[in-house]
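Going by the numbering used here, 232 is the number at position 232 of the sequence shown; the sequence numbering is gapless. Don't be surprised by glycine CBs; every beta carbon is placed ideally from N, CA and C. What follows is a short report on a single structure.
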Amino acid sequence: MFRKNFLALLITIVTMQFSFAQKEDVMKTSPKVMQEFRAAWIASVANINWPSKPGLTTAEQQKEAIVLLDLLKSLNFNAAILQIRPQADALYKSDIEPWSYFLTGTQGKAPSPYYDPLEFWIEAAHDRGMELHVWLNPYRAHHLSGGEESEKSVVKAHPELVLKLKDGHYWMDPSLKGVQDLSASVVKDIVKRYDIDGVHFDDYFYPYDSYHGGADFPDDKSWAAYQSQGGKLSRGDWRRESVNKFIERVYKEIKAEKKYVKFGLSPFGIWRPGYPESIEGYDQYEKLYADAKLWLNKGWIDYFTPQLYWKINQYPQSFPVLLSWWQSENTKNRHLWPGMNVGLGGDDKNVDEIINQIMITRGITPKSKGAVHWSIAAAVKHPLLRKGLIEGPYKNQAIVPSSDWLDNKKPEQPIVTVTQKDKFFQVSWSHPDKDDVFQWVVYFKYGNKWTYKVMTRKDSFLDVMASVLAGNGKDKIILQALAVTSVDRTGNESSFKEYNVQGF
Numbered sequence: 001m002f003r004k005n006f007l008a009l010l011i012t013i014v015t016m017q018f019s020f021a022q023k024e025d026v027m028k029t030s031p032k033v034m035q036e037f038r039a040a041w042i043a044s045v046a047n048i049n050w051p052s053k054p055g056l057t058t059a060e061q062q063k064e065a066i067v068l069l070d071l072l073k074s075l076n077f078n079a080a081i082l083q084i085r086p087q088a089d090a091l092y093k094s095d096i097e098p099w100s101y102f103l104t105g106t107q108g109k110a111p112s113p114y115y116d117p118l119e120f121w122i123e124a125a126h127d128r129g130m131e132l133h134v135w136l137n138p139y140r141a142h143h144l145s146g147g148e149e150s151e152k153s154v155v156k157a158h159p160e161l162v163l164k165l166k167d168g169h170y171w172m173d174p175s176l177k178g179v180q181d182l183s184a185s186v187v188k189d190i191v192k193r194y195d196i197d198g199v200h201f202d203d204y205f206y207p208y209d210s211y212h213g214g215a216d217f218p219d220d221k222s223w224a225a226y227q228s229q230g231g232k233l234s235r236g237d238w239r240r241e242s243v244n245k246f247i248e249r250v251y252k253e254i255k256a257e258k259k260y261v262k263f264g265l266s267p268f269g270i271w272r273p274g275y276p277e278s279i280e281g282y283d284q285y286e287k288l289y290a291d292a293k294l295w296l297n298k299g300w301i302d303y304f305t306p307q308l309y310w311k312i313n314q315y316p317q318s319f320p321v322l323l324s325w326w327q328s329e330n331t332k333n334r335h336l337w338p339g340m341n342v343g344l345g346g347d348d349k350n351v352d353e354i355i356n357q358i359m360i361t362r363g364i365t366p367k368s369k370g371a372v373h374w375s376i377a378a379a380v381k382h383p384l385l386r387k388g389l390i391e392g393p394y395k396n397q398a399i400v401p402s403s404d405w406l407d408n409k410k411p412e413q414p415i416v417t418v419t420q421k422d423k424f425f426q427v428s429w430s431h432p433d434k435d436d437v438f439q440w441v442v443y444f445k446y447g448n449k450w451t452y453k454v455m456t457r458k459d460s461f462l463d464v465m466a467s468v469l470a471g472n473g474k475d476k477i478i479l480q481a482l483a484v485t486s487v488d489r490t491g492n493e494s495s496f497k498e499y500n501v502q503g504f
């Protein structure tokens, strides 16, 4: 019954996107690289994903990082979202906040032998043709598993900014200017000093009420101060406005520093119960004071990743129903790349669920396809999931969709040279402005059909076979043409120039 229902849903989506289907037909004969954001979250809080435990040696940390990035690369992912500020600390060199306990086992202690983990991750990701997005928690001051606070921790250095919750967490008060200034300065510092591709916040704004025994957030002092100054907003609106102003500020400050760095938000997947009508569940608007719909409507983000951690047929929280609603609110045409709970399990049933969700996403958001997987642990643990992805929707490589509101200017074409060498052709390339290039795409044409290979920024040549075997394993198909394009930091691809190699 489930498969029949899904097939009916998929037929409906494909019918609605008829123009998209026409474009796919053209792609069979014209060169076109797949554009799709394929990312996984890599959490450091409580050592969920990386590093596997506090206090590993530098070599052990780096080895674990490479294993994770190589795994993503092998599955044709093109981005990693790495948590580098889990509790007002730093998994990178910072003059603002202390080194993370989750990294070294002691807050404030640098790795030994010294290295900068963020620089390491950026270079390793870029060398694999992948984007590296940094994930920060703007308000969490100290996690239950975060060890002893150092003197540089905001909990001790600025206790006036922090509130202790009943479960033991420390949380910064989002309404305070000092909190907003601190977190904004951290973001700006990272964007300025590191060659990152994106900044990412998740669903933690005001804390979930379970962190405080179900009671209201204990901000009586700042609320009273607001009222004494003549504030007229309700308490809920005042809290939401504090978060709204911060989100808008961060977006603008990122763009002022480096326009191409994308800002992504990953809120709880339901805006409010009843939106759309069939949806039930947690009310982030009233509980987390997160007006995620407003941020999307205003375009204060470059990509939006609602955490749609429910199954297709989970009717009160149905994945496609929620995704379609969020798309209807995407009035600024930003990237809508939903978060998926790939940790549902590794059996065939749950692998089918994730693959079906990816295909539904492609149908609902055909102009900017993509998804973010929670978390990388599922791909590490479940071979059936890995097999399903690489043999299914992620069989072919993809580049990250372009962000034309940031930059829509195509980079210059590469300078291409084709040389015949026995049984293959060597295609090599260079570029007049190599710093503007993030990736290369090499296209090759066999039997009137184009295919491609995405290359990293460091690559400068590729050997392409002069002929390949046909599907029957006997007949040879001759290479007809080659081409190379450049792709810049915002996903713009250069113009295409075909090099005919028949008759060489």
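Positions of the beta strand (DSSP E) runs, each at least 3 residues long and wholly inside the segment 415 to 481, are given as 415 to 421, 424 to 430, 439 to 446, 449 to 456, 461 to 465 and 467 to 469 in order along the chain. T417 counts as exposed, since fewer than 16 other C-beta atoms from the protein chains shown sit within 10 angstroms of its C-beta. The criterion of a C-beta distance shorter than 8 Å is not satisfied by F268 and D302. Annotated three-state conformation of N333 is coil, per DSSP. Taking F425 as reference, the option from D348, L479, L56 and E412 with the minimal CA-CA separation is L479. Beyond the five residues adjoining it in sequence on each side, S242 comes within less than 7 Å, by CB distance, of P174 and S175 in the same chain, given in chain order. Shown here, Q227 sits in a helix according to DSSP, grouped into three states.
Across the structure, I415 and I390 are spaced so that their CA atoms are roughly 32 Å apart. Taking 8 Å as the cut-off, the beta carbon of S495 is found no closer than this to the beta carbon of K395. Between P320 and I358 a beta carbon distance of about 12 Å is seen, past the 8 Å cut, so the two are scored as non-contacting. The Cβ atoms of S266 and G339 sit closer than 8 Å to each other.
Every beta strand (DSSP E) stretch that sits fully inside the segment 78 to 129 and reaches 3 residues is listed by chain position as 79 to 85. Per DSSP, the unbroken beta strand (DSSP E) holding G264 starts and ends at K262 to L265. One Cα belongs to R457, the other to S94, and the distance between them is close to 28 Å.
Looking at the backbone, the Cα of Y285 and that of A292 are separated by about 8 Å. Annotation note: the segment 122 to 178 contains the following uninterrupted alpha helix (DSSP H) runs of length 4 or greater, listed N- to C-terminal: 154 to 157. According to the DSSP assignment, V380 belongs to the alpha helix (DSSP H) that extends over I376 to K381. Sequence-distant Cβ neighbours of T451 in its own chain, meaning closer than 7 Å and more than five residues away, are F444.
A residue is called buried when at least 16 other Cβ atoms come within 10 angstroms of its Cβ; Q502 does not meet this threshold and is exposed.
Under the three-state reduction of DSSP output, M34 falls in the coil class, being neither helix nor strand. By the neighbour-count criterion, in which 16 or more other beta carbons inside 10 Å mark a residue as buried, L469 falls on the exposed side. Residues of the same chain with a CB within less than 7 Å of the CB of V261, apart from the 5 flanking positions on each side, are V191, I196, D197, G198, V199 and I254 in chain order.
Sequence-distant partners of P113 (beyond 5 residues in either direction) whose C-beta falls short of 7 Å from its own C-beta, in its chain, are T58. The residue from P393, G363 and H335 with its alpha-carbon nearest to that of S403 is H335. Taking one beta carbon from each stretch, the segment 271 to 291 and the segment 380 to 390 have fewer than 3 pairs nearer than 8 Å; the two do not touch. It is roughly 39 Å from the alpha-carbon of L82 to the alpha-carbon of Y446. In the structure shown, V400 adopts coil according to DSSP, grouped into three states.
Each of V342, N330, A379 and E119 was checked against the Cα of I364, and the nearest Cα belongs to N330. Rounded to the nearest angstrom, the Cβ distance from L136 to L118 is 12 Å, too far for a contact under 8 Å. DSSP places N244 inside the alpha helix (DSSP H), whose first and last residues are R235 to E257. For N356, the enclosing alpha helix (DSSP H) stretches over residues D348 to I364.
Rounded to the nearest whole angstrom, the CA to CA distance from A215 to M34 is 48 Å. The beta-bridge partner set that DSSP reports for Q307 consists of F268 and G339.
When rounded, the separation of the alpha-carbon atoms in D237 and Q227 is 13 Å.
With contacts defined as CB atoms closer than 8 Å, M130 and L69 qualify as a contacting pair.
The beta-carbon distance between Q397 and N76, rounded to whole angstroms, is 5 Å. This is short enough to meet the 8 Å contact definition.
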